[in-house]
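Colleague: Attaching a single structure in structure tokens format; questions to follow.
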Amino acid sequence: MSTIEFEAMGTKIEAWHGDGRDLREWFDEVESACSRFRAGSELSRINTAGPGRHPVSPLMCHVLEAAERARSITDGIVDIGIGSAVAAWGYDRTFAEVGPIPEEPAPVPKGGWGLAEDSIWLDAGTRIDLGGVAKGWTCDRAVERGIAGVVSAGGDIRSSDPATVVTIADPGGEGVARVALGVGALATSSVSRRQWKAGGRDVSHIIDPRSMRPVSSPIVSASVIARTAVDAEAGAKAVLIHGVDGLAWADAQDWIDSAVVVWSDGAVYATGRMEWAA
Amino acid sequence: MSRFPPARSTAIAVWTSASVLWATTLTALTMEPAGESSPEDDQRSTATSAASSPAMPNLPGSGLVVVRGPAPASGEGTATEAADMGPTVVPPPTPAPSQGPAPDPPQPMSAGS
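Just so you know, the sequences run in chain order A and B.
For our numbering, add 1429 to where a residue sits in the first sequence, where the first one is 1.
For our numbering, add 45 to where a residue sits in the second sequence, where the first one is 1.
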């Protein structure tokens, strides 16, 4: 059985049981609409249009619906309206081009956005970063449409194969857990994947929408198992942002199956419902 | 109703009270020297405090599984993008039901989401 591999959305895409050409075209189609780094993308047009109401394509509408769900099920902890803060803290270009910034930026006000029929409205100063939501949604749709049986996009995995087993690695690359994923999704959110310096200290690309600052958490990486990759991605990010309360919060969500975290001291903890692979 | 006659009950109560008073006094005497801590004791306290930091996760309702204990500190990477080091998928052992054409060769992407 061959593995389909290519690069898209700034990360490595892997898939099994599928059509490589169709899968690549699918990822390209979504990325061309949802990338905030492509000047001609639909998202860039929305972000540069400023406050007000802007019509969106059917594809963008679906991604925004997924983002609305992510915001709703996490009580606002996962919010795509943090684009201005991400850019202010230096991640305003592809990560390969991101460098240290000498000082922390001025506080960025929390923006507002919403979906109204086939349009998105933005408050003044709000910019959208679809980030992990778009990645998860692309994996979900690829599997739901039968383009591939198992798709992994840089840590966001959606599987329709009951035999799928996932090894979770710590930031050092060491496997720390093998979980029986089966049919479902698993996503990982990590502060150590993309770091740079701002004002002399390490910051990550994960923004806490409550403070509009890079997250400060004892969790280095969080992985969540849920029904869809959108839910798993939202759950993983929320667990990481919740920090010491993250696993307890995850355990109380009926849409999260289980969660595992790598702590800042290297310890690894999981909720009691995690199904381990032999 | 008491199993003992009143006089016997009073005697037991007095004896119990005396025992408690004696035990309390003995405990106080035993603990008194500990009030004057030595430098070694201070070091022991500090070590205990350091070992309890950082905090563990708050307990989930389904219980907390300690998959791995704290690891010795190691050199942390700085300001670089590590390779994707989240989960890695072990491909299912079953043969692919519908294997399509080979994917296009990887191309460097300048965009990310």
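No residue lacks a Cβ here, since even glycine has one placed at the ideal position from N, Cα and C.
Since we're looking at a predicted model, the values are computed, not measured.
With a CB to CB cut of under 8 angstroms and the five nearest residues on each side skipped, what residues in its chain are close to A:Gly1481?
Modeller: Sequence index remark: in the first sequence, residue 1481 of chain A carries index 52 (1-based). Closer than 8 angstroms at the Cβ level, and outside the excluded window around A:Gly1481, lie Trp1550 and Leu1551.
Colleague: Using alpha carbons as the reference points, say which of A:Val1612, A:Arg1607, A:Ile1433 and A:Gly1583 lies closest to A:Pro1591.
Modeller: Position 162 of the first sequence, counted from the start, is the residue given in the question as residue 1591 of chain A. Considering only alpha carbons, the answer is A:Val1612.
Colleague: Since A:Leu1669 meets chain B, which of its residues come closer than 8 angstroms, beta carbon to beta carbon?
Modeller: Locating residue 1669 of chain A in the first sequence gives position 240, where the first residue counts as 1. Within 8 angstroms Cβ-Cβ: nothing; A:Leu1669 doesn't reach chain B, min ~12 angstroms.
Colleague: Can you tell me the Cβ-Cβ gap for A:Pro1643 and A:Ile1636, rounded? I've got them flagged as a contact below 8 angstroms.
Modeller: Here residue 1643 of chain A refers to the residue found at position 214 of the first sequence. Here residue 1636 of chain A refers to the residue found at position 207 of the first sequence. A:Pro1643 to A:Ile1636, Cβ: 6 angstroms. Contact.
Colleague: Determine, using beta carbons only, whether A:Thr1503 and A:Arg1587 come nearer to each other than 8 angstroms.
Modeller: Counting from 1 along the first sequence, the entry for residue 1503 of chain A is found at position 74. Counting from 1 along the first sequence, the entry for residue 1587 of chain A is found at position 158. No. Outside cutoff.
Colleague: Sorted by chain position, which residues of the same chain lie with C-beta nearer than 8 angstroms to A:Gly1695's C-beta, five sequence neighbours on each side aside?
Modeller: Position 266 of the first sequence, counted from the first residue, corresponds to residue 1695 of chain A. Same-chain partners within the cutoff: Asp1599.
Colleague: Alpha carbon to alpha carbon, how far is A:Glu1704 from A:Pro1531? Give it in angstroms, no decimals.
Modeller: Locating residue 1531 of chain A in the first sequence gives position 102, counting from the first residue. Locating residue 1704 of chain A in the first sequence gives position 275, counting from the first residue. Approximately 45 angstroms between the Cα atoms of the pair.
Colleague: Which value, in whole angstroms, describes the spacing of the CA atoms of A:Asp1448 and A:Phe1466?
Modeller: Taking the first sequence and counting its residues from 1, the one referred to as residue 1448 of chain A is at position 19. Taking the first sequence and counting its residues from 1, the one referred to as residue 1466 of chain A is at position 37. Those two C-alpha atoms are separated by around 27 angstroms.
Colleague: Applying the 10 Å Cβ sphere with the 16-neighbour rule, what's the burial state of A:Pro1538?
Modeller: As a working note, residue 1538 of chain A is residue 109 in the first sequence. Classification of A:Pro1538: exposed, given that the 10 Å Cβ count is below 16.
Colleague: Quick one: what does DSSP say A:Trp1595 is sitting in, helix, strand or coil?
Modeller: Position 166 of the first sequence holds residue 1595 of chain A. Reading the sequence as shown, one finds Val at residue 1595 of chain A and not Trp. Here A:Val1595 sits in strand by DSSP.
Colleague: For the putative contact between A:Leu1544 and A:Glu1603, defined by C-beta atoms under 8 angstroms, what is the C-beta separation to the nearest angstrom?
Modeller: Here residue 1544 of chain A is taken as the residue at index 115 of the first sequence, counted from 1. Here residue 1603 of chain A is taken as the residue at index 174 of the first sequence, counted from 1. Their Cβ separation, rounded to whole angstroms, is 41 angstroms, which puts A:Leu1544 and A:Glu1603 out of contact at 8 angstroms.
Colleague: Give me the Cα-Cα distance between A:Trp1711 and A:Val1659, rounded to the nearest whole angstrom.
Modeller: The requested residue 1711 of chain A does not occur in the structure, where chain A is confined to residues 1430 to 1707.
Colleague: Taking only runs of the beta strand (DSSP E) that begin and end inside the region 1490-1557 of chain A, which ones reach a length of at least 3 residues, in chain order?
Modeller: 1542-1545 and 1548-1551, all fully within the region 1490-1557 of chain A.
Colleague: Does chain B have any CB closer than 8 angstroms to the CB of A:Ala1679?
Modeller: For the purposes of this step, residue 1679 of chain A is taken as the residue at position 250 of the first sequence. It does: the Cβ of A:Ala1679 has a partner Cβ on chain B nearer than 8 angstroms.
Colleague: Pull up the distance between the alpha-carbon of A:Ala1577 and that of A:Pro1536, whole angstroms please.
Modeller: By one-based count along the first sequence, residue 1577 of chain A stands at place 148. By one-based count along the first sequence, residue 1536 of chain A stands at place 107. Roughly 43 angstroms separates the two Cα atoms.
Colleague: Would you call the CB atoms of B:Pro105 and A:Leu1676 closer than 8 angstroms?
Modeller: Here the question's residue 105 of chain B lines up with position 60 in the second sequence. Here the question's residue 1676 of chain A lines up with position 247 in the first sequence. Yes, these two residues count as a Cβ contact at 8 angstroms.
Colleague: Distance check for A:Ala1516 and A:Ser1633, CA to CA, integer angstroms please.
Modeller: Residue numbering aside, residue 1633 of chain A sits at position 204 when the first sequence is read from its first letter. Residue numbering aside, residue 1516 of chain A sits at position 87 when the first sequence is read from its first letter. Going from the Cα of A:Ser1633 to the Cα of A:Ala1516 covers about 12 angstroms.
Colleague: Between A:Lys1564, A:Glu1443 and A:Gln1624, which lies nearest to A:Val1492 when the distance is taken from Cα to Cα?
Modeller: Locating residue 1492 of chain A in the first sequence gives position 63, where the first residue counts as 1. Among A:Lys1564, A:Glu1443 and A:Gln1624, the Cα nearest to that of A:Val1492 is on A:Lys1564.
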